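In UniProt numbering, the protein residues as written are 1 to 367. First comes the structure, then the notes that go with it.
Shown next as structure tokens:
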């Protein structure tokens, strides 16, 4: 399937950073982000202080209008970045999202499209319903007004589906990855397609995590419910989601396998490890385009080291390089090697446009 993707990103940055003490230090090392870019244009670098914003232009000066086409809402490239003055980031405390008892309400006012054979909320319609500033986070109106798919510390790109997500889905399918009896984390989940794939393949438990609570409530959770038209059978879609399916007996059984979280990574791991609910470490962690900025590697590494089972694996989809900030597969692998906790292995290279990789990570075996 061929996709045509157009979108634009920019961010307004403040010129002053207030002294935040220990909280600021924690934010600086722990905040997750997704890194939009493009593989077909030469990247631009604008030097300033330290903060990174991602920008992708349809033309030199104009943003692409929003569209109801589901494919156009799947953004393939996250390589070009623009450096702007450092901005004070909001602190996203991690929380677990309650699953509604009435599943019919989950899909209220949602229009579903199909992407890669899975149901996915139509983002353009969702944006229209949440375009005022009355929502808890107000990420939709801010994203629209700034023509931006990333506002650092406020909105981290979860309303879009990035190119490497499809790479990883394709790899997991062709490799016939086994999910039966596995506990899986879809890290930086956005639409939750990786986690939904794991559920379709009979994973025992699947947790979904994204930086923004709006993404979890308005996109991830509805997508999980909408994709269960066949009770979790072979993963093929037979008919659109309906009230009958939404109220079917298998939905509660399915949702008992799932947990949904928002917030930054350090807080997320602390919430899981200190919470009242039983927690089993993850057999598989699936994540796409989360290593664009070396400043976040420490938080990502520490979270994975705490949450991954000793025999577990991480599958990371990434571009070779994220211009303007220096992140990418090679510098990340060097960082992992220096920490000497995990081993990495390239399991797939996609040499189309900007080179992309699927990386497997696992704990080193003690000698």
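Glycine included, every Cβ here is placed at the ideal spot set by N, Cα and C. Values in this document were obtained by computation on a predicted structure and should not be read as measured data.
Exercise. What's the C-alpha gap between residue 288 and residue 117?
Worked result: Taking the first residue of the chain shown as 1, we reach residue 288 at position 288. Taking the first residue of the chain shown as 1, we reach residue 117 at position 117. Between the alpha carbons of residue 288 and residue 117 lies a distance of about 19 Å.
Problem set entry | Beta-bridge partners of residue 295, as assigned by DSSP | Within the chain shown, numbered from 1, the residue matching residue 295 stands at position 295. None; residue 295 has no bridge partner.
For this session: Please report the Cβ distance between residue 127 and residue 212, rounded to the nearest whole angstrom; I am assuming they are in contact, meaning their Cβ atoms lie under 8 Å.
Result: On the chain shown, position 127 is the one that residue 127 refers to. On the chain shown, position 212 is the one that residue 212 refers to. Contact doesn't hold; Cβ gap of about 14 Å is too wide.
Problem set entry | Strand pairing of residue 97, partner residues [DSSP] | Sequence index remark: in the chain shown, residue 97 carries index 97 (1-based). Bridge partners of residue 97: 260.
For this session: Give the DSSP-derived three-state secondary structure of residue 311 in the structure shown.
Result: The residue labelled residue 311 in the question sits at position 311 within the chain shown. In the structure shown, residue 311 sits in a strand (DSSP, three-state: E or B).
For this session: Spatial neighbours of residue 181 within its chain, please: CB distance less than 7 Å, with the 5 preceding and 5 following residues excluded, ordered by chain position.
Result: Working through the chain shown from its first residue, we reach residue 181 at position 181. Within the same chain, residue 181 has close Cβ partners 204.
Exercise. What separation, rounded to the nearest whole angstrom, lies between the Cα atoms of residue 200 and residue 119?
Worked result: As a first step, residue 200 must be located in the chain shown, where it is residue number 200. As a first step, residue 119 must be located in the chain shown, where it is residue number 119. Rounded to the nearest angstrom, the two C-alpha atoms are 13 Å apart.
For this session: Verify whether the separation of the beta carbon atoms of residue 192 and residue 223 is less than 9 Å.
Result: Within the chain shown, residue 192 is the residue found at index 192, counting from 1. Within the chain shown, residue 223 is the residue found at index 223, counting from 1. The Cβ atoms of residue 192 and residue 223 sit closer than 9 Å to each other.
Exercise. By how many angstroms is the C-alpha of residue 313 removed from the C-alpha of residue 284?
Worked result: Numbered from 1 along the chain shown, position 284 holds the residue referred to as residue 284. Numbered from 1 along the chain shown, position 313 holds the residue referred to as residue 313. Each residue's Cα considered, the two are about 5 Å apart.
Problem set entry | Same chain, Cβ closer than 7 Å to residue 225, neighbours up to 5 away in sequence not counted | Position 225 of the chain shown, counted from the start, is the residue given in the question as residue 225. Excluding residues within five positions, the ones whose Cβ falls inside 7 Å are 103, 106, 107, 246 and 251.
Exercise. Under a three-way DSSP split, which group does residue 359 fall into?
Worked result: Here residue 359 corresponds to residue number 359 of the chain shown, with the count starting at 1. In this structure, residue 359 counts as strand in the three-state DSSP scheme.
For this session: List the DSSP bridge partners of residue 207.
Result: Position 207 of the chain shown, counted from the first residue, corresponds to residue 207. Answer is 185 and 259.
Problem set entry | CA-to-CA distance, residue 115 to residue 294, given in whole angstroms | As a position in the chain shown, residue 294 is number 294, starting the count at 1. As a position in the chain shown, residue 115 is number 115, starting the count at 1. If you take the alpha carbons of residue 294 and residue 115, they lie about 31 Å apart.
Exercise. To which residues of the same chain is residue 206 closer than 7 Å at the C-beta, ignoring the five residues directly before and after it?
Worked result: Position 206 of the chain shown, counting from 1, holds the residue named residue 206. Excluding positions up to five away in sequence, the list reads 184, 186, 195, 198, 199, 257 and 258.
Problem set entry | Reduced DSSP secondary structure (H/G/I, E/B, other) of residue 167 | Within the chain shown, the letter at position 167 stands for residue 167. Here residue 167 sits in helix by DSSP.
Exercise. Of the residues 282, 319 and 326, which one's Cα is nearest the Cα of residue 179?
Worked result: Position 179 of the chain shown holds residue 179. Residue 179 has its Cα closest to that of 282, out of 282, 319 and 326.
Exercise. How would you call residue 253, buried or exposed, if buried means at least 16 neighbouring beta carbons within 10 angstroms?
Worked result: On the chain shown, position 253 is the one that residue 253 refers to. Counting the other Cβ atoms within 10 Å of the Cβ of residue 253 gives fewer than 16, which makes it exposed.
For this session: Using only the heavy atoms of the ligand PLP, determine whether one of them is closer than 8 Å to the beta carbon of residue 160.
Result: The model depicted lacks the ligand PLP and carries no ligand whatsoever.
Problem set entry | Check whether residue 159 and residue 216 have beta carbons under 9 Å apart | Residue 159 sits at position 159 when you count from the first residue of the chain shown. Residue 216 sits at position 216 when you count from the first residue of the chain shown. No, the pair does not count as a contact, with Cβ atoms beyond the cut-off.
Problem set entry | residue 327 - partner residues in DSSP beta bridges | Numbered from 1 along the chain shown, position 327 holds the residue referred to as residue 327. In DSSP, residue 327 forms a bridge with 322.
Exercise. For residue 346, does the count of other Cβ atoms within 10 angstroms reach 16, so buried, or fall short, so exposed?
Worked result: Along the chain shown, read from residue 1 onward, the residue named residue 346 stands at position 346. So residue 346 counts as exposed.
Problem set entry | Inter-residue spacing [alpha-carbon to alpha-carbon] between residue 329 and residue 335 | By 1-based counting over the chain shown, the position of residue 329 is 329. By 1-based counting over the chain shown, the position of residue 335 is 335. Rounded to whole angstroms, residue 329 to residue 335 spans 10 Å at the Cα level.
Problem set entry | Contacting residues, own chain, Cβ-Cβ under 8 Å from residue 32 (five flanking each side not counted) | Looking up residue 32 in the chain shown gives position 32. Low local confidence applies: a pLDDT of 41 at residue 32 is under 50, so the model's placement there is unreliable, with the coordinate-based value given in what follows. Closer than 8 Å at Cβ, skipping near neighbours: 156, 188, 211, 264, 265, 290, 296, 299 and 300.
Exercise. In chain order, what residues of the same chain have a beta carbon less than 7 Å from the beta carbon of residue 93, not counting five sequence neighbours either side?
Worked result: Here residue 93 refers to the residue found at position 93 of the chain shown. For residue 93, where only same-chain residues beyond five positions count, the Cβ hits under 7 Å are 263 and 267.
Exercise. Residue 227 to residue 110, Cα distance in whole Å?
Worked result: Locating residue 227 in the chain shown gives position 227, where the first residue counts as 1. Locating residue 110 in the chain shown gives position 110, where the first residue counts as 1. Roughly 13 Å between the two C-alpha positions.
For this session: Work out the CA separation of residue 342 and residue 164 for me, nearest whole Å.
Result: Position 164 of the chain shown, counted from the start, is the residue given in the question as residue 164. Position 342 of the chain shown, counted from the start, is the residue given in the question as residue 342. Each residue's Cα considered, the two are about 22 Å apart.
For this session: Go through its chain and collect everything with a Cβ distance to residue 320's Cβ below 6 Å, but skip five positions before and after it.
Result: Counting from 1 along the chain shown, the entry for residue 320 is found at position 320. Answer for residue 320: 328, 329 and 355, listed in chain order.
For this session: Kindly list the residues whose CB is nearer than 8 Å to the CB of residue 348, restricted to its own chain and excluding five residues on each side of it in sequence; keep chain order.
Result: The count along the chain shown starts at 1 and reaches residue 348 at position 348. Around residue 348: 167, 171, 357 and 358.
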